[in-house]
Amino acid sequence: MNSKRKDLQYASVFLLAVAFTFLMGKGENFWLVTWGDLIPSLFVLFIAGDCLYSSLRRIRKGKEDEGARWSTCFTFLVFSIVFMGDLFFIANFIFMKLNS
């Protein structure tokens, strides 16, 4: 299980990846256009998935002790939204490429 410090490091890398994507000029729209746009999106997906998993483990561990903290539950909510949104964009891109 990742520590909260490791999750903060991952979140920082996540924000850097998003900022770097926009600086490269590929963030003009939210939809993936080329295969090159897929690489940062997969990177974000794996980071969000790892943070999501460690937050879930921390919530389960908190149930056994005195209860999960609200910040951990909020982190789980944010990373689940990011994970599912990114998964939607990737699936839409692959579906459109296969149909064209």
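Taken in order, the sequence shown gives residues 1146 to 1245; the numbers are from this note's numbering.
Every residue, glycine too, gets a C-beta built ideally from N, C-alpha and C.
Through-space distance from residue j to residue i, alpha-carbon basis
{"i": "Ala1156", "j": "Cys1218", "result": "15 Å"}
{"i": "Phe1188", "j": "Lys1208", "result": "31 Å"}
{"i": "Val1178", "j": "Gly1212", "result": "44 Å"}
{"i": "Phe1238", "j": "Asp1210", "result": "43 Å"}
{"i": "Trp1180", "j": "Asp1195", "result": "23 Å"}
{"i": "Arg1203", "j": "Val1158", "result": "21 Å"}
{"i": "Phe1233", "j": "Lys1242", "result": "14 Å"}
{"i": "Ser1245", "j": "Arg1214", "result": "47 Å"}
CB of residue i within 9 Å of CB of residue j, strictly
{"i": "Phe1224", "j": "Ser1186", "result": "no"}
{"i": "Phe1221", "j": "Leu1197", "result": "yes"}
{"i": "Phe1240", "j": "Ala1193", "result": "no"}
{"i": "Ile1235", "j": "Leu1183", "result": "yes"}
Per-residue DSSP class, three states only, for residue i
{"i": "Thr1179", "result": "coil"}
{"i": "Gly1172", "result": "Confidence in Gly1172 is poor, its pLDDT being 49 and thus under 50, which makes the residue's placement unreliable; the coordinate value appears in the next sentence. DSSP places Gly1172 in coil when its eight states are reduced to three."}
{"i": "Arg1203", "result": "helix"}
{"i": "Gly1212", "result": "coil"}
{"i": "Ser1245", "result": "coil"}
heavy atom of the ligand COA below 8 Å from residue i C-beta
{"i": "Gly1212", "result": "Questions concerning the ligand COA fall outside what the structure shown contains, since it holds no ligand whatsoever."}
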